[in-house]
Amino acid sequence: MPGTYSGTIVPLITPLDENGTVDEQSVARLIGHVQAEVAGLMPALTSGEGWKLDAKQWQDVVTYTVKHSGGLPVLAGIQLPDTDSVIDRARTAAAIGVDAVVVTTPFGADVTQDRIVDHYLAIRAALDIPIFLYNEEALSGNRIEFDTLLRICEIPGIVGIKESSGDAAFTRRMAEAKTGIPVFEGWENLLVDAHGIDGFIGPLANIEPGLCNRMLVDPTPDRQAEINTVCERYGVFRDDWYRWVKKELHRRGVISSPTTHEEVKAA
-1 MPGTYSGTIV PLITPLDENG TVDEQSVARL IGHVQAEVAG LMPALTSGEG WKLDAKQWQD
59 VVTYTVKHSG GLPVLAGIQL PDTDSVIDRA RTAAAIGVDA VVVTTPFGAD VTQDRIVDHY
119 LAIRAALDIP IFLYNEEALS GNRIEFDTLL RICEIPGIVG IKESSGDAAF TRRMAEAKTG
179 IPVFEGWENL LVDAHGIDGF IGPLANIEPG LCNRMLVDPT PDRQAEINTV CERYGVFRDD
239 WYRWVKKELH RRGVISSPTT HEEVKAA
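For the sequence shown, my numbering gives the first residue as -1, with consecutive numbering after it.
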């Protein structure tokens, strides 16, 4: 139901061994590391290298997340280029037992705003699973306009927005629209400016979920400065942030290997 989700939701990294196999025990330890501080688990999103995972890796990390969720809601990332592929993957997610799917727009710079709306309508028509909208541009190659977002929010079953446009004014405008759909900031460095948001979804939550919560409760410039310093320390603002997040989690003994998908492919 709209309004259900709030607080810090963690976009889990995907623990891989040197052969590219998803490490179930590392998934379990990672969830144990964050579970007291987060309101939900998002496997296979961008921080989880979701757009790079093959079908088995994706299914394994989602399955292990559900298995070890400890009662936390699981919102499975789906980062595929077209509507039919997303629907097929969403059916698999539903069969695994996730609580919702997290979906970008179709990929391509030529995707129209009407096509974006039709994408979410088609997913909802194909199966009865809650949908979290992921508003980003880096992967999809297109941008959702404000009025388009309002149209999508009217679709039954939309339960949240991961607002990663990188534009704090846009995020505030979305939060102020009072659609009844919770809005989550997707960038650590914009939290102090994202007034009215319902929560946060970003890679820092893998490492320091408690700090993320404190920022939501006390979104002051001093707290933002602390967030920025920690993100710089752990490489969260780098282009390959997931690599650096994995390195820190490995250093702490949370995951068994810091291996990324690219490193498996290069081996």
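In this text, a Cβ means the ideal position worked out from N, Cα and C, and glycines have one as well.
Check	Outcome
I85 versus T12: straight-line alpha-carbon distance, rounded	22 Å
Sub-9 Å separation of H248 and L51 beta-carbons	no
T169, DSSP secondary structure in three states	helix
Inter-residue Cα distance where the pair is G18 and G48	13 Å
Whole-number beta carbon distance between G46 and G75, since they are thought to touch under 8 Å	6 Å
Nearest residue (CA-CA) to R122, options S24, R212 and P154	P154
9 Å Cβ cutoff met for W56 and R87	yes
9 Å Cβ cutoff met for G36 and V8	Gly is not the amino acid found at residue 36; the sequence shown has Val there. A contact, by the Cβ cut-off of 9 Å.
L214 versus L10: straight-line alpha-carbon distance, rounded	19 Å
For A91, three-class secondary structure by DSSP	helix
Where T146 falls: helix, strand or coil (DSSP)	helix
Straight-line gap, V190 to T218 (C-alpha atoms, nearest Å)	6 Å
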